[in-house]
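The structure appears below as structure tokens.
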Amino acid sequence: AEKPGFNITLTKEFDPQLGEVDLYPQEFTRVLLNLISNGFYAANKRKSQSEGDGFEPTLTASTHNLGDKVEIRIRDNGTGIAEEVKARMFNPFFTTKPAGEGTGLGLSLSYDIIVKQHGGTIEVDTKPGEFTEFTIVLPRGSNPKIQREASI
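Each residue of the sequence shown is one higher than the one before, starting from 27 at the first, in my numbering.
Shown next, in the form of structure tokens:
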């Protein structure tokens, strides 16, 4: 509803053997919403830059069972991320969006939630003008950080 006329194809590729992961649901949802929102923004930006060339915005969410870990990928075919931006994008208050459109906290908070709260990793693969893919890997089973807080 924010961008009238903008359509995107959402693709889900969920591993049926994924199993369970200990996590903070509200915090993890915040990460997913941020990555998906950024993907929509990048795909919409690329769409507006490529009027009439047949570009079809796409966002894919996938999960993979890695045994003692779980992998979640969010991939968009938007504008991609420049190398100089990639080096700073997890820093607090860093944004490439125009004033009023971004706080520069989304990726910084996402990093803290995944790495510091869940003991996982978050990495990015990107090619400017083609795609961005975030890969999150979370430990499976009893995450001591979560178990400790849950028992308090």
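Where a beta carbon is used, it is the ideal one built from N, C-alpha and C, also for glycine.
Give me the Cα-Cα distance between A27 and N33, rounded to the nearest whole angstrom.
Here A27 scores only 44 on pLDDT, less than 50, and its place in the model is too uncertain to base an answer on.
Beta-carbon within less than 8 Å of G65's beta-carbon, same chain only, minus the 5 sequence neighbours each way: which residues are those?
Excluding sequence neighbours, G65 sits near L85, I100, R101, D102, G104 and T158.
Measure the CB-CB distance between V57 and S134 and report whether it falls below 8 Å.
Their beta carbons are not under 8 Å apart, which means V57 does not touch S134 by this criterion.
Between which two residues does the beta strand (DSSP E) containing K153 stretch?
Its beta strand (DSSP E) spans residues T147 to K153.
Would you mind giving the Cβ-Cβ distance between Q143 and E53, rounded to the nearest angstrom? I have them listed as a contact below 8 Å.
Correct: roughly 6 Å between the Cβ atoms.
Give every residue of the same chain whose Cβ lies closer than 6 Å to the Cβ of N117, excluding the five residues on either side of it in the sequence, and list them in chain order.
Around N117, the same chain offers no residue with a beta carbon nearer than 6 Å, after the five sequence neighbours per side are excluded.
Quick check on R15: does DSSP put it in helix, strand or coil?
Nothing in the structure corresponds to residue 15, since the chain is present only between 27 and 178.
Helix, strand or coil, according to DSSP, for F160 in the structure here?
Three-state result, F160: strand.
Quick one: grab the DSSP three-state call for E109.
Reduced to three states, the DSSP call for E109 is helix.
Whose CA, out of V163, K112 and I107, lies closest to the CA of A69?
With distances taken between Cα atoms, A69 lies closest to I107.
With distance defined between alpha-carbon atoms, name the residue in Y50, I140 and D41 nearest to T89.
Each of Y50, I140 and D41 was checked against the Cα of T89, and the nearest Cα belongs to D41.
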